[in-house]
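All remarks here apply to the structure that follows.
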Amino acid sequence: MSTETAAPTDAAKPSSPPYRRRIADRDGALAWIFLLPSVVYIVALVAVPFVLAIAFAASDVTAGDPSFDFVGLTNFARVLDDPVFWRSLGNTFVFTGISMVLIVVFGKVLANILVADFRGKWIVRFCVLLPWTTPVALSSISWLWLLDSIYSPIDWLLRAVGLLGPGENMYWLGEPGLAMTSVITVHVWRLTPLAAVIMMAGLVAIPRDIEEAARVDGAGYWRRMFEVTVPMVMPVIAVAALFGAIFTFTDMAVVRVLTRGGPNDATQVLSSWAFYRGIEGGDVAQGAAVALFLFPLLLAAAVAILRAVRRIEVR
Amino acid sequence: MPGIIGDAPTDELRRTYARRHVAGRIGVYAVAILVALGCAGPFLWSAITAFKQNRDLYNPANNPFVYNRPPTPDHMTYLFTDTAFGTFAWNTLWVGVLVVLITLVLGLPAAYALARLDRPWSGPLGIAIFLVYLVPPSLLFLSLSRMVVGVGLQDSTWSLVLVYPTITIPVSIWLLMGFLKAIPRDIEEQAMVDGHSRFGAIVRAVLPLVFPGIVAVVVFAFTLTASEFIYALAFVAPTDSMTVSTGVPTQLVRGDVFFWQSLQAATVLVALPIAFVFNLFLDRFVSGFTAGAVKG
Amino acid sequence: MAVVEVRDLVKEFDGGKVDRVRAIDGVSLAAEDGEYLVLLGPSGCGKTTLLRTVAGLEQPSSGEVLIDGHDVTGLPPRARKIAMVFQSYALYPHKTVLANIVFPLRAAGMAPAERERKAGWAAGLLGIEHLLGRKPRQLSGGERQRVALARALVRDPHVFLLDEPLSNLDAKLRASARDELKKFQDEIGTTTIYVTHDQVEAMGLGDRIVVLADGRVRQVATPAEIYDHPADTFVATFIGSPPMNLVPRGDTLVGFRPEHLLPAAVLPADAVALSLAVERIEYLSGDRHLYGTVTGVGEPTKVIARLPATVEEPIEAGQTHEFAVHTSKLRFFDEDSGVKCDPVRLGG
Chain P
27 MSTETAAPTD AAKPSSPPYR RRIADRDGAL AWIFLLPSVV YIVALVAVPF
77 VLAIAFAASD VTAGDPSFDF VGLTNFARVL DDPVFWRSLG NTFVFTGISM
127 VLIVVFGKVL ANILVADFRG KWIVRFCVLL PWTTPVALSS ISWLWLLDSI
177 YSPIDWLLRA VGLLGPGENM YWLGEPGLAM TSVITVHVWR LTPLAAVIMM
227 AGLVAIPRDI EEAARVDGAG YWRRMFEVTV PMVMPVIAVA ALFGAIFTFT
277 DMAVVRVLTR GGPNDATQVL SSWAFYRGIE GGDVAQGAAV ALFLFPLLLA
327 AAVAILRAVR RIEVR
Chain G
95 MPGIIGDAPT DELRRTYARR HVAGRIGVYA VAILVALGCA GPFLWSAITA
145 FKQNRDLYNP ANNPFVYNRP PTPDHMTYLF TDTAFGTFAW NTLWVGVLVV
195 LITLVLGLPA AYALARLDRP WSGPLGIAIF LVYLVPPSLL FLSLSRMVVG
245 VGLQDSTWSL VLVYPTITIP VSIWLLMGFL KAIPRDIEEQ AMVDGHSRFG
295 AIVRAVLPLV FPGIVAVVVF AFTLTASEFI YALAFVAPTD SMTVSTGVPT
345 QLVRGDVFFW QSLQAATVLV ALPIAFVFNL FLDRFVSGFT AGAVKG
Chain F
10 MAVVEVRDLV KEFDGGKVDR VRAIDGVSLA AEDGEYLVLL GPSGCGKTTL
60 LRTVAGLEQP SSGEVLIDGH DVTGLPPRAR KIAMVFQSYA LYPHKTVLAN
110 IVFPLRAAGM APAERERKAG WAAGLLGIEH LLGRKPRQLS GGERQRVALA
160 RALVRDPHVF LLDEPLSNLD AKLRASARDE LKKFQDEIGT TTIYVTHDQV
210 EAMGLGDRIV VLADGRVRQV ATPAEIYDHP ADTFVATFIG SPPMNLVPRG
260 DTLVGFRPEH LLPAAVLPAD AVALSLAVER IEYLSGDRHL YGTVTGVGEP
310 TKVIARLPAT VEEPIEAGQT HEFAVHTSKL RFFDEDSGVK CDPVRLGG
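Which chain is which? The protein sequence lines are P, G and F, in order. Heads up: the first sequence is residues 27 to 341, going by this note's numbering. Heads up: the second sequence is residues 95 to 390, going by this note's numbering. Heads up: the third sequence is residues 10 to 357, going by this note's numbering.
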């Protein structure tokens, strides 16, 4: 696109002095001015810390000994030797994978509800938004009580319905398997609304014609859903999955509040483990080394999802 | 599957279809109620618990969803008088507002440049910004806490104002790009033909049209900021400088003692307004995602 | 027996806070077997709403819809033995052409072998066999129309409903696409209801035309009848380009089409004489369009006259000429209601 054209006011004022291109008109200059602040900010506060993190990971910096000495790949070796690291890595994948699937499935159902027409829609939308708009620390603390080994209202309900005997409790946060389930549940509960909102966008974008054509063609609800609607919103579903994956993958708050990674690191994930080692343990270098594994994995996942989007091109 | 006219008496067909329709409506309502309960159930419980007496609460045999003893405002009062909840809320508010402002000032022009001013490097830069979003706080917080100390902002709420935009800007740029692409170029071009510079055209013609999108991004960014936990935990230690996200857990959880009722009160007080406002702008927010997603 | 019938149909929309909009205001119609019925009118006249109500995509506020004699009011579209072609063609973008055509058959539970056969037959009829493997985005506008028709055809519907299918095409394509539609109709012979705002299309395609305005039927007749004997001033001015001239005379409007306003010299002596003060002359493909003011029939009124190339009388702009209209070509309308009324004797 050429930008070397004089402003139209030229022709209207032949008697004005030679027209000098003002900055406000030069697209090239404007583009730079518009982008520079954000780029500088991001470079300063993301790129630099990122590089710093790599540097830390290759150093021996601790809270007690802030001097910076190069130790090469020792930290990485230590990290890879640590069984808790492998546990955390595995957990991160399991949590993210399972959460993602559930978030997408439930999110799709939720999205359908959000676009449907019925009375009381506003209230339902409000309720659906609550899990996501609440600060994660606060909602996690609520779940702490809801999953408590003595006082859990969920257990109370189960007892009231007869699924649990009197005085019987589930150790939601105490048993490794149940603890993992609980963490996944809280993630799904928190992020499904966001996924639903994103998918709403996709649903709303389907031309009304096509949905009506399917109705006239004789397709019932489920056929329309799976043969027309879902294929057409695939790209949006992928975006929702991506957001769900990012928020689950990088989360440390839910784990930290609910289980602190326990019992016995059964629910430890990379982010919480990095926080534990880096801040609580004071071993900055170690923490950085652990955390660095997050980025390439997330990058790979994002690329995979986005490529899938491009392949399912719908026009 | 019920058939078409001619297969059966029309009256019968009508009844069958009507029945299915009703079943469908019931299904929708049933799922809607289930969904609402599932999502808001915990908050319902929180709201009730906030006013429960200790003896009512700490009794596993009691129904957690009703008042087995008369409700008490004590815990709510405690929240406001004995903790710095007011300060936390205020901190969250002004940090949120400032961060949103910074996000808009930096992000909106950037989004415009990427969406409209076709520079050869627009594509790669857009992808780069998206990639930034993938660098998680759980990785950066270590180096950032060092940097924050270096700048002298440790333990100050201002450190959050400085750092939070790293979370909000990339996603806001992406969303705003979507909103901007939905506006036809004609509008700006008309303004420029009418005698405005490109900049003038943006301010006069584009800005008013993208305003609803801006509002949606504002709400989204504020939600992200209010919820943020790891940076707040890592950078700010003094209680009075904390935001709701870290302050409430810190003050209401002392060692092993949880002030449950006050905690629930705090949760409800913070959650409800944010959800309410978000609900108001939900439709706008949704429309920005479509445009952004289509771009890929 | 009429294949499609609509009785006393009323459709109201909640216009928000104050107005309830009556999109259809008491319409009764019948389409005969094999008929090509065109719903014609300006935007907002209710023609598309009417079509959608017949299809079952909208439910009427009151009144009935009958197909094949069955009262289908309240039944969903798929129960009505209809097929519809939308303005945008509404092809499923992620499916191939073949999958698009086969979709209704799969929905009906037809066996695979029969489906193939049927789809092949429809594709053959429309000449799109070579496109079966393509996706809609790879097709031209005309090809998409044919796919949409094939998809509609395979259901063996009793009624075809078409919603302005030509309006998304280039002007150049429209003529040939219209031809194809006509040929398609002749071959298949299914009752068709066709919606358009373009009177040229309507006059060219329709066996009968229904002129609608403001949710009400103004006239139902053959194209010739509508053109020669419009039922009211709306029809008179909507059809025909340039529109019919209307001259007020007392409480009547005297109407005559531009091509019937000719120099007095070329008309027999018993034609009604009037004077035309010519202001402007336009030359269009051999015809001359004269713009001027006419006197001698009623109040002085601006009119248009269309002289074919065969009329060679010299006409000069800025001059007043003697013109006339044959008595049989005069039409009379009541000034207040616009409805056709009895002829008025006009003096020499």
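Note that CB positions come from ideal geometry on N, CA and C, so glycine has one too.
Enumerate in chain order the residues of its own chain whose CB-to-CB distance from F/Thr-310 is below 8 Å, with the five nearest sequence positions on each side excluded.
Here residue 310 of chain F refers to the residue found at position 301 of the third sequence. These residues qualify, in order along the chain: Asn-254, Leu-255, Val-256, Pro-257, Thr-302 and Val-303.
Given that P/Asp-243 touches chain G, what residues does it touch there, using C-beta distances under 7 Å?
One-based indexing of the first sequence puts residue 243 of chain P at position 217. The contacting residues do not exist; P/Asp-243 stays about 13 Å from chain G at best.
Classify F/Gln-68 as helix, strand or coil using the three-state DSSP reduction.
The count along the third sequence starts at 1 and reaches residue 68 of chain F at position 59. Here F/Gln-68 sits in coil by DSSP.
Nearest chain G C-beta to P/Pro-157 closer than 7 Å, yes or no?
Taking the first residue of the first sequence as 1, we reach residue 157 of chain P at position 131. By this cut-off, P/Pro-157 is an interface position.
Using 8 Å for Cβ pairs, my map puts G/Thr-337 next to G/Leu-247. What's the rounded Cβ distance?
Translated into the one-based positions of the second sequence, residue 337 of chain G becomes position 243. Translated into the one-based positions of the second sequence, residue 247 of chain G becomes position 153. Wrong, their Cβ atoms sit about 15 Å apart, outside the cutoff.
Between the stretch 173–188 of chain F and the stretch 90–102 of chain F, do at least 3 Cβ pairs fall closer than 8 Å?
yes
Between which two residues does the beta strand (DSSP E) containing P/Thr-276 stretch?
Here residue 276 of chain P corresponds to residue number 250 of the first sequence, with the count starting at 1. That residue, P/Thr-276, is in no beta strand (DSSP E); it is neither H nor E in DSSP.
Taking only the alpha-carbon atoms, compute the straight-line gap between G/Ile-267 and P/Val-281 and give it to the nearest angstrom.
Walking along the second sequence from the start, residue 267 of chain G turns up at place 173. Walking along the first sequence from the start, residue 281 of chain P turns up at place 255. Each residue's alpha carbon lies about 30 Å from the other.
Along the stretch 95–120 of chain F, what residues have a CB closer than 7 Å to any CB found in chain P?
Phe-95, Ser-97, Ala-99, Tyr-101, Pro-102, His-103, Phe-112, Pro-113, Ala-116 and Ala-117
Taking the beta carbon of F/Glu-44 as the centre, do at least 16 other beta carbons fall within 10 Å, making it buried, or is it exposed?
Indexing the third sequence from 1 puts residue 44 of chain F at position 35. So F/Glu-44 counts as buried.
Beta-carbon gap between G/Pro-165 and G/Phe-145 smaller than 7 Å
By 1-based counting over the second sequence, the position of residue 165 of chain G is 71. By 1-based counting over the second sequence, the position of residue 145 of chain G is 51. Yes, these two residues count as a Cβ contact at 7 Å.
Say whether chain P places a C-beta atom closer than 7 Å to the C-beta of G/Pro-167.
What you label residue 167 of chain G is simply residue 73 of the second sequence in a count that begins at 1. No, its Cβ sits nowhere closer than 7 Å to a Cβ of chain P.
Where are the beta strand (DSSP E) runs, 3 residues long or more, that stay fully inside the stretch 50–121 of chain F, in chain order?
71–76 and 91–94
Identify whether G/Leu-138 lies in helix, strand or coil by the three-state DSSP scheme.
The residue given as residue 138 of chain G occupies position 44 in the second sequence. Here G/Leu-138 sits in helix by DSSP.
Output the boundary residues of the beta strand (DSSP E) element that contains P/Glu-194.
In the first sequence, residue 194 of chain P corresponds to position 168, counting from 1. From DSSP, P/Glu-194 is part of no beta strand (DSSP E); its letter is neither H nor E.
Among F/Glu-322, F/Ile-110 and F/Val-306, whose alpha-carbon lies nearest the alpha-carbon of F/Val-334?
Along the third sequence, one-based indexing puts residue 334 of chain F at 325. The residue with the shortest Cα to Cα distance from F/Val-334 is F/Val-306.
I'd like to know if G/Thr-104 contacts chain F, where contact means its C-beta is closer than 7 Å to some C-beta of that chain.
Position 10 of the second sequence, counted from the start, is the residue given in the question as residue 104 of chain G. Cβ-Cβ to chain F under 7 Å: yes for G/Thr-104.
Classify G/Thr-186 as buried or exposed, calling it buried when 16 or more other Cβ atoms lie within 10 Å of its own Cβ.
Here the question's residue 186 of chain G lines up with position 92 in the second sequence. Flag for G/Thr-186 reads buried.
Contacting residues, own chain, Cβ-Cβ under 6 Å from P/Ala-317 (five flanking each side not counted):
Residue 317 of chain P sits at position 291 when you count from the first residue of the first sequence. Taken in chain order, the residues that qualify are Ala-300.
Give me, in chain order, the residues of the same chain whose beta-carbon lies closer than 7 Å to that of F/Arg-183; leave out the 5 immediate sequence neighbours on both sides.
For this step, residue 183 of chain F is matched to residue 174 along the third sequence. Contacts found: Leu-175.
Note down, one range per segment and in chain order, each alpha helix (DSSP H) of at least 4 residues found wholly within the stretch 116–161 of chain F.
121–135
If you measure beta-carbon to beta-carbon, which residues of the stretch 69–96 of chain F are closer than 8 Å to chain P?
Pro-85, Pro-86, Arg-87, Ile-91, Ala-92, Met-93, Phe-95 and Gln-96
Backbone CA spacing between P/Ser-298 and G/Ser-237 [nearest angstrom]:
The residue labelled residue 298 of chain P in the question sits at position 272 within the first sequence. The residue labelled residue 237 of chain G in the question sits at position 143 within the second sequence. Going from the Cα of P/Ser-298 to the Cα of G/Ser-237 covers about 16 Å.
To the nearest angstrom, how far is the alpha carbon of F/His-139 from that of F/Glu-152?
One-based indexing of the third sequence puts residue 139 of chain F at position 130. One-based indexing of the third sequence puts residue 152 of chain F at position 143. The alpha-carbon atoms of F/His-139 and F/Glu-152 are separated by roughly 11 Å.
CA-to-CA distance, F/Ala-161 to P/Ser-28, given in whole angstroms
Here residue 28 of chain P refers to the residue found at position 2 when the first sequence is read from its first residue. Here residue 161 of chain F refers to the residue found at position 152 when the third sequence is read from its first residue. Residue confidence is low: P/Ser-28 scores 42 on pLDDT, short of 50, so the model does not pin down where it sits. No coordinate-derived value is stated.
I'd like to know if F/Leu-66 contacts chain P, where contact means its C-beta is closer than 7 Å to some C-beta of that chain.
Along the third sequence, read from residue 1 onward, the residue named residue 66 of chain F stands at position 57. It does; some Cβ of chain P falls within 7 Å.
Proximity test, Cβ basis, 7 Å: F/Gly-357 and chain P
Position 348 of the third sequence, counted from the first residue, corresponds to residue 357 of chain F. Bear in mind that a pLDDT of 42 at F/Gly-357, under 50, signals an unreliable position, so the number given afterwards is only what the model happens to contain. It does not: the Cβ of F/Gly-357 has no partner Cβ on chain P nearer than 7 Å.
Let's test the definition: count the other Cβ atoms within 10 Å of the Cβ of F/Asp-237 and tell me whether it reaches 16, buried, or not, exposed.
As a working mapping, residue 237 of chain F is identified with position 228 in the third sequence. With fewer than 16 other Cβ atoms within 10 Å, it is exposed.
Under 7 Å, do P/Ala-327 and P/Ala-271 count as touching if we go by C-beta distance?
Position 301 of the first sequence, counted from the start, is the residue given in the question as residue 327 of chain P. Position 245 of the first sequence, counted from the start, is the residue given in the question as residue 271 of chain P. Contact flag set, yes.
For F/Pro-252, tell me which candidate among F/Ala-40, F/Lys-144 and F/Pro-267 has the shortest Cα-Cα distance.
Within the third sequence, the letter at position 243 stands for residue 252 of chain F. It is F/Pro-267 whose Cα lies nearest to the Cα of F/Pro-252.
Nearest-angstrom Cα distance between G/Gly-390 and P/Trp-112?
Counting from 1 along the second sequence, the entry for residue 390 of chain G is found at position 296. Counting from 1 along the first sequence, the entry for residue 112 of chain P is found at position 86. Confidence at G/Gly-390 is low in this model, with a pLDDT of 36, below 50, so the placement of that residue should be treated as unreliable; the coordinate-derived value is given next. Using only the alpha carbons, I get a separation of about 34 Å.
Outcome for G/Pro-203 when other beta-carbon atoms lying within 10 angstroms are tallied against a minimum of 16:
In the second sequence, residue 203 of chain G corresponds to position 109, counting from 1. Buried is the call here.
Exposed or buried, what is P/Ala-38 when buried is set at 16 or more other beta-carbons lying within 10 Å of its beta-carbon?
By one-based count along the first sequence, residue 38 of chain P stands at place 12. Model confidence at P/Ala-38 stands at a pLDDT of 46, short of 50, so the residue's coordinates are unreliable and nothing is read from them.
Please decide whether G/Ala-207 counts as near chain P, where near means a Cβ-Cβ distance under 7 Å.
In the second sequence, counting from the first residue as 1, residue 207 of chain G sits at position 113. Closer than 7 Å: yes.
Inspect the beta-carbon positions of P/Ser-168 and G/Ser-356 and report whether they are closer than 7 Å.
Numbered from its first residue, the first sequence carries residue 168 of chain P at position 142. Numbered from its first residue, the second sequence carries residue 356 of chain G at position 262. It is not a contact, given that the beta carbons lie outside the stated cut-off.
So, are the CB atoms of G/Gly-190 and G/Ala-320 less than 7 Å apart?
Your numbering for residue 190 of chain G matches position 96 in the second sequence. Your numbering for residue 320 of chain G matches position 226 in the second sequence. Yes, the Cβ-Cβ distance between G/Gly-190 and G/Ala-320 is below 7 Å.
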